[in-house]
Structures are given as structure tokens and as C-alpha cells.
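Working notes, structure below.
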Amino acid sequence: MKLVSKTLIVALSTFALTQSLNAKTTICYKQAWNSPSTIESTQLDGGLCKGEFSFNQMKEKGWNLKDLKIEKAKTGLNYIYTLTDEEIISIDNSKFMSNKHVKLDYSPFTTKLNKITNDTAKIDIPNLRVGQSGIVKHVYENRKSLVVANALVTSSDSTSSTLKLVPFLDIKQNAIPTSNRKAQEGDEVIINYLYDSSLIIAPSQDAFLATREKYRDNNFLHSDLFASKLKTNAEPLPSKETIQDFAISQNIGTLFFVIKNKVYIVDSKTFAILEQENIAYNFTQDEKMPFYTRVEKIEKNPFESILDYENWLDSISSFFGDDKRTEEEILLEDEVSSEELVVDGKIYNNYYETLLGLKDAK
159 MKLVSKTLIV
169 ALSTFALTQS
179 LNAKTTICYK
189 QAWNSPSTIE
199 STQLDGGLCK
209 GEFSFNQMKE
219 KGWNLKDLKI
229 EKAKTGLNYI
239 YTLTDEEIIS
249 IDNSKFMSNK
259 HVKLDYSPFT
269 TKLNKITNDT
279 AKIDIPNLRV
289 GQSGIVKHVY
299 ENRKSLVVAN
309 ALVTSSDSTS
319 STLKLVPFLD
329 IKQNAIPTSN
339 RKAQEGDEVI
349 INYLYDSSLI
359 IAPSQDAFLA
369 TREKYRDNNF
379 LHSDLFASKL
389 KTNAEPLPSK
399 ETIQDFAISQ
409 NIGTLFFVIK
419 NKVYIVDSKT
429 FAILEQENIA
439 YNFTQDEKMP
449 FYTRVEKIEK
459 NPFESILDYE
469 NWLDSISSFF
479 GDDKRTEEEI
489 LLEDEVSSEE
499 LVVDGKIYNN
509 YYETLLGLKD
519 AK
């Protein structure tokens with residue numbers, strides 16, 4: 159990594175301070191809006207928007223997004239935009255960080271099961287990561303084989319590892335009989351199964367391309383295919399279960415989540431974080447929800463019941479926090495006191511940090 163000179167840091171800090179002293183700020187909002195994909199083109203209330211201009215129109219007039227806060231309302235969501243006429247400087251950390259090619263040390267390997275008790279088994283492989291996964295295969299005398307279970311690493315030490323055995327339902331088909339065979343002593347287990355088949359969840363095209371290049375030994379399914387699935391299902395925010403179901407249907411073993419300046423490599427079946435690495439890309443204000451994709455307007459089905467919509471809102475409240483203030487307090491309190499709203503992070507980062515349990519670990 160190249161070091162940034164102190165002179166450059168001081169110059170940038172002085173420029174930013176000078177710009178901030180002369181900058182103007184306005185706050186616009188939209189209450190109880192239930193169409194996330196159209197919020198940027200609808201007219202906003204308050205501030206200089208005055209119910210006449212949308213966020214996109216304000217950008218055309220020279221305003222930039224400084225902060226965005228989203229809160230759950232009685233119906234829909236409240237959106238609060240803090241806009242500034244100050245130029246938002248994007249940071250291209252690729253200027254002082256290098257994206258060296260990384261070859262993941264998770265090649266598939268085969269070993270034998272032993273010491274099977276109920277739904278657990280042992281393998282004589284040490285120092286695995288908790289959360290690694292694989293499949294158990296029974297080989298018949300004629301050399302034909304049958305996958306009989308998924309295997310999940312639950313503990314590992316310097317001599318062996320313990321696996322939890324769960325039913326293999328990856329290719330379940332109701333029209334085809336399912337084998338009742340259970341895993342037994344001597345069955346083969348393939349650890350890191352399909353780990354080279356992956357999906358990238360990234361906030362921008364630049365982050366997506368940088369990740370794909372850094373881990374170019376993996377085969378990446380394009381995120382457009384996952385976005386198309388979300389659009390078909392009218393699911394604008396993918397849950398952990400939705401991501402896992404899609405990964406199983408597409409034979410994807412690992413998920414690459416780009417959050418802030420890191421890539422988190424996750425086992426698709428256990429959602430355990432296997433590795434994390436720094437990633438260099440151009441940080442901008444244009445992060446995309448639910449992730450970078452060329453598929454547009456992934457919306458909740460407007461014909462579903464209000465009860466279902468409220469359940470959806472309840473499910474995402476944990477991502478945006480449970481603010482006890484009234485709507486008017488949320489919209490006006492900070493504006494009156496400081497003319498600005500303070501936001502705890504961006505929507506994309508906040509969502510996926512919570513999904514991976516990173517917030518709980520802090």
C-alpha cells in the first residue's frame with residue numbers, strides 16, 4: 159500500500175473546511191412513501207424542494223446528497239434528504255491501494271466420515287473454519303454414488319473436526335422419490351463443495367468489477383440474475399433466506415459481500431464469514447440498493463395485503479433502528495436545532511452489516 163503524504167492530507171482537510179464554511183444546506187423529506195424505487199423522482203416536501211422538486215431535479219439544479227435518513231412510518235417509510243451545494247468529493251482509494259489478485263485457499267477436498275452419532279460425525283482434518291460446508295456422498299459397489307447429506311463444520315482443533323449432518327435438499331423435486339439413506343461410517347465428505355462458484359453483492363459497478371478482478375479464479379454469476387429473481391418475486395430487500403435459496407438453486411457455494419472497504423466471503427449455506435479482505439474501488443455517494451444491478455425498479459407487489467406490507471416493514475425496522483420519536487420530531491427536531499440531520503451510516507452498508515451480524519460483533 160502506498161502512503162498518502164501529510165502535505166496532501168492537510169491540503170485536502172483545509173479545502174474541505176473552506177468548502178464547508180461557505181456551503182448551504184437544505185432538508186427535504188417525504189412522509190409515508192411506499193414505493194422505494196420511485197422516491198428519487200417524486201416531489202419532496204420541505205426546505206427548498208417545497209413540494210415542487212424531486213431529488214433528481216435538485217441534483218440537476220446543483221445540489222448534492224449529504225445524508226439520507228429512512229425511518230419506518232405508520233404506513234410506508236419516511237425519507238429525509240440532507241442536501242448541500244457543496245461538491246461531494248468521492249474517494250478513489252485505488253490511487254493508494256492496490257487490488258492484488260487473491261487466490262482463495264478453499265479448494266475442495268475429500269475425506270472419510272467416522273464416529274457418526276445421530277446427526278454428527280468426525281473427520282480427521284484439523285484447523286477448519288466453523289461454518290465451512292460440504293456434502294456427504296455414499297459410493298456403491300458399482301462406483302455409482304448418491305449425495306445423502308450436507309455437512310457443516312461446527313468445531314475444529316489441531317487434530318480433527320466435527321460436522322453436523324443435515325438433509326441434502328439442494329435438488330429436491332417433489333415428482334421424484336427421495337432416498338432414505340443416512341450417512342454412515344466410511345462415506346465420503348467433500349468439504350468446500352462449489353466454493354469456486356460465487357455471487358457478488360456490491361454497492362456499485364466499480365466495486366463489483368474490482369471484486370470480480372481481485373478474485374478472478376472464481377466463477378461469478380452476474381448479480382443481474384439475482385436481481386431479476388427479486389423483481390419477479392416483488393422483493394426489494396433480499397432476506398438471508400432468499401439469498402440462500404437462490405444460491406442453492408444456482409449451485410453457488412460462496413457469497414462475496416462488499417461493505418465499505420472490505421469484501422466478506424461467506425459460505426452460502428451457513429452464512430458464516432470465511433475470509434475478509436480489503437478492496438480498492440471508487441467510493442461515491444451513488445450506492446445502489448439492494449445492490450449493483452442493471453435491473454431497475456425492484457418493487458414490493460402493490461396488490462399484496464396491507465398486513466403483509468406491515469410485516470415487511472417490521473422485518474426491516476431492525477436495519478434502520480426503532481426510533482421512538484414522533485414523525486414531526488424526526489422530521490423537524492434536528493432541522494430546528496442545527497439545520498442538519500445526523501445519520502448513522504448509509505442504507506446499503508447498514509443493511510448488509512446487519513444481515514451478516516457485523517453490527518452485533520462491534
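Residue 159 is where the sequence shown starts when you use the working numbering, and the numbers rise one by one after that. Idealized CB from N, CA, C, for every residue including glycine.
Where the alpha helix (DSSP H) through residue i begins and ends
i	result
S314	That residue, S314, is in no alpha helix (DSSP H); its beta strand (DSSP E) goes 303-314.
K420	Premise fails: K420 lies in the beta strand (DSSP E), 420-425, not in any alpha helix (DSSP H).
Q189	Taken as a continuous stretch (DSSP letters only), Q189 belongs to no alpha helix (DSSP H), being part of the beta strand (DSSP E) at 183-191.
A405	398-407
N236	Run containing N236: none in the alpha helix (DSSP H); it sits in the beta strand (DSSP E), 235-242.
I228	That residue, I228, is in no alpha helix (DSSP H); its beta strand (DSSP E) goes 222-230.
A513	Reading off the sequence, residue 513 comes out as Leu, not Ala. Start and end: 505-513.
K217	213-218
Inter-residue CB distance, residue i and residue j (contact presumed, cutoff 8 Å)
i	j	result
S318	P361	Wrong, their Cβ atoms sit about 40 Å apart, outside the cutoff.
S303	V297	5 Å
I274	E343	6 Å
G204	Y187	5 Å
Host beta strand (DSSP E) of residue i (start-end)
i	result
I456	Counting along the chain, I456 falls outside any beta strand (DSSP E), and DSSP gives it neither H nor E.
Q434	431-436
N376	Counting along the chain, N376 falls outside any beta strand (DSSP E), and DSSP gives it neither H nor E.
N272	272-275
F415	412-417
K322	319-324
E346	346-349
K258	Neither: K258 is in no beta strand (DSSP E) and is coded neither H nor E.
Residues of its chain near residue i, where Cβ-Cβ distance is below 7 Å and the 5 sequence neighbours each way are ignored
i	result
T400	E393
N257	A368, E371, K372, I437, A438
S316	P284, N285
D243	A181, K182, G220, W221
F477	Only weak support exists for where F477 lies, its pLDDT of 48 falling under 50; the coordinates are left without a value.
Beta carbon of residue i nearer than 8 Å to that of residue j
i	j	result
T428	L310	yes
Y237	I359	no
I456	L352	no
N376	P266	no
T268	L323	no
E435	V260	yes
S397	T412	no
F213	L202	yes
A385	V416	no
D345	V306	yes
Spatial neighbours of residue i in its chain, beta-carbon cut-off 8 Å, leaving aside the 5 residues before and after
i	result
L379	S355, S356, L357, Q408, I410
Q363	Y450
A190	A231, K232, T233, G234, L235, N236
K418	N507
Assigned exposure category for residue i - 16 Cβ within 10 Å defines buried
i	result
S291	buried
F441	buried
L513	buried
A181	exposed
S313	exposed
D282	exposed
P448	buried
T200	exposed
L271	buried
D263	exposed
S521	No answer is possible for residue 521: the residues shown for the chain start at 159 and end at 520.
I464	In this prediction, I464 has a pLDDT of 47, which is less than 50 and means its spatial position is unreliable; nothing more can be read from the coordinates.
T184	buried
L383	exposed
P325	exposed
N338	exposed
Sequence-distant residues of the same chain with beta carbon closer than 6 Å to residue i, five excluded per side
i	result
E485	For E485, the predicted model reports a pLDDT of 41, less than 50, meaning its position is unreliable and no value from the coordinates is stated.
I431	Y422, V424
G289	D425, T428, A430
L516	none
I348	P266, T268, G292, I293
N192	G234
A405	S426
Cβ-heavy atom distance, residue i to the ligand GDP, below 7 Å
i	result
K261	Questions concerning the ligand GDP fall outside what the structure shown contains, since it holds no ligand whatsoever.
Short CB-CB distance (under 8 Å) between residue i and chain C
i	result
Q201	Absence of chain C from the displayed structure is noted, only one protein chain being present.
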